[in-house]
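>
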Amino acid sequence: SGERESVSRAIKEHYMPRFSEDKLPASDVGKLLSMVDKLDNIIGCFSLGIQPTGSQDPYALRRQALGFCKLILDFNKNLSFEDMWKHSYMEFSDNVELELTWEDVNKPLSEFFHQRVVNVLEDEGYRHDIIQAAMSVGWGDLVDLRKRVKALKEFEKNRSFNVLLTGFNRASNLSQGYRGDEIRKDLLVEDSEKELYNSFIEVDGLTEEMLRTGDYLGALRRIADLSRPIDNFFDDVMIMVKDEKIRNNRLALLKAISSLMSSIGDLSKIMS
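Numbers 9 to 280, taken from this note's numbering, label the letters of the sequence shown in order.
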């Protein structure tokens, strides 16, 4: 038909993967075309209220969603699920009168893809609890999510992991529900809480760039340096003292530490 080879190859490849163990497209154009085609089919069906139920999936949307997720990981680009979904929906709504609003579509679509993401990562050999820990703090960027899952899996081998996990759970449970976030240095009265505060400030500064650039394993190793100061703090300091200002200041410190630890995953979901 006179088409360039790259176009012809992409047209052939856009059907791939056709089944769970099928090869992915080899060319970038083929990958992109396959992603767009699968997303178009999925969003189009969901926009019309056509969703898989139980064993019923006449349009093979589950298979297409799994393929779509595998393609994102293979393409290795930081892409937002919701941005892609919404853009596709808007393309439809600009040309077709849809009964379902974006809000009507987004929630079931998110639930649908959530399970597909779990399936893809489990197929890659990652444990369910580690996947859930990472997804609990966000999964909209699949490439970033896999980096966090991989880091958590690797960090679990660290000898400081169980100690850190215990400290995280105690800090998280105690500070849960506390709304304040200001930590006042003048209200740090015990040596152990001063040590913990100084260690936290140092680790927070060291991990900022690591978290921004996706060096999650490096960040976890730095966060593990808080294990001993956290243990000393809980051994030496009474959190729920009568003095409200001191009590709230200690809760704010624990909340900040818990938040830093949770930036990669909810450690409480990992079965140690």
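Cβ coordinates follow ideal geometry from the N, Cα and C atoms, glycine included.
All figures in this text were calculated on a predicted structure; none of them were measured in a lab.
DSSP state of THR61, grouped into three classes?
Three-state result, THR61: strand.
> Taking the C-alpha atoms as reference points, what is the distance between ARG258 and ASP152?
So the two alpha carbons sit approximately 32 Å from each other.
> Do you know how far the Cα of LEU32 is from the Cα of PRO60?
Rounded to the nearest angstrom, the two C-alpha atoms are 24 Å apart.
> Quick check on ASP102: does DSSP put it in helix, strand or coil?
Coil at ASP102, not helix or strand.
> Please look up how many angstroms separate the CB atoms of LEU204 and PRO237, rounded, as I've assumed it's under 8 Å.
Right, the Cβ-Cβ distance comes to about 4 Å (below 8 Å), so this counts as a contact.
> Among the candidates LYS46, SER55 and ARG156, whose CA atom is the shortest distance from the CA of PHE100?
Looking at the Cα atoms, SER55 is the closest of the given residues.
> Measuring CA to CA, which of ALA227, GLU201, VAL126 and GLY10 is closest to GLY213?
GLY213 has its Cα closest to that of ALA227, out of ALA227, GLU201, VAL126 and GLY10.
> Okay, do the segment 244–263 and the segment 154–163 touch, 3+ Cβ pairs below 8 Å being the bar?
Contact fails: fewer than three Cβ-Cβ distances are below 8 Å.
> For ARG156, which residues from the same chain have a beta carbon less than 7 Å from its beta carbon, with the 5 sequence-adjacent residues on both sides left out?
So the list reads ALA142, TYR224, ILE272 and GLY273, once near-sequence residues are dropped.
> Need the endpoints of the alpha helix (DSSP H) that LYS20 sits in, please.
Note, LYS20: alpha helix (DSSP H), 13–21.
> I believe LYS85 touches VAL128 by the beta-carbon criterion, under 8 Å. Please report the beta-carbon distance rounded to the nearest angstrom.
Contact doesn't hold; Cβ gap of about 16 Å is too wide.
> In angstroms, rounded to a whole number, what distance separates the CA positions of GLU216 and GLY148?
Roughly 21 Å between the two C-alpha positions.
> Out of SER88, GLY57 and GLY75, which one is the CA nearest neighbour of ASP45?
Nearest option by C-alpha distance: GLY75.
> In terms of residue numbering, what span does the alpha helix (DSSP H) encompassing ASP239 cover?
Here the alpha helix (DSSP H) through ASP239 covers 235–244.
> Using only the alpha-carbon positions, how far apart do SER283 and ASN206 sit?
A question about residue 283 goes unanswered here, because the residues of the chain that appear run from 9 up to 280.
> What first and last residue would you give for the alpha helix (DSSP H) that runs through ARG258?
Looking at the DSSP string, the run of the alpha helix (DSSP H) that includes ARG258 is 252–269.
> Within its chain, find whatever has a CB closer than 7 Å to the CB of LYS94; leave out the 5 residues flanking it on each side and keep chain order.
Cβ within range, chain order: TRP110.
> Return the residue from the list GLN184, LEU108, ARG229 and LEU262 that minimises the CA-CA distance to ILE191.
Taking only the C-alpha atoms, the option nearest ILE191 is LEU262.
> Let me confirm a value: GLU107 is counted as buried when at least 16 other C-beta atoms fall within 10 Å, else exposed. Which label applies?
GLU107 is exposed by the Cβ-count criterion.
> Using a Cβ-Cβ cut-off of 8 Å, state whether SER235 counts as contacting chain B.
Here there is only one protein chain, and chain B is not present.
> Classify PHE27 as buried or exposed, calling it buried when 16 or more other Cβ atoms lie within 10 Å of its own Cβ.
Exposed, since its Cβ has fewer than 16 Cβ neighbours within 10 Å.
> Which residue or residues does DSSP assign as beta-bridge partners of SER88?
DSSP output for SER88 lists ASP149 as bridge partner(s).
> Look up ASN166 in the DSSP assignment and say whether it is helix, strand or coil.
Note: ASN166 maps to coil in three-state DSSP.
> Should SER183 be labelled buried (16 or more other beta-carbon atoms within 10 Å of its own) or exposed?
Result: buried.
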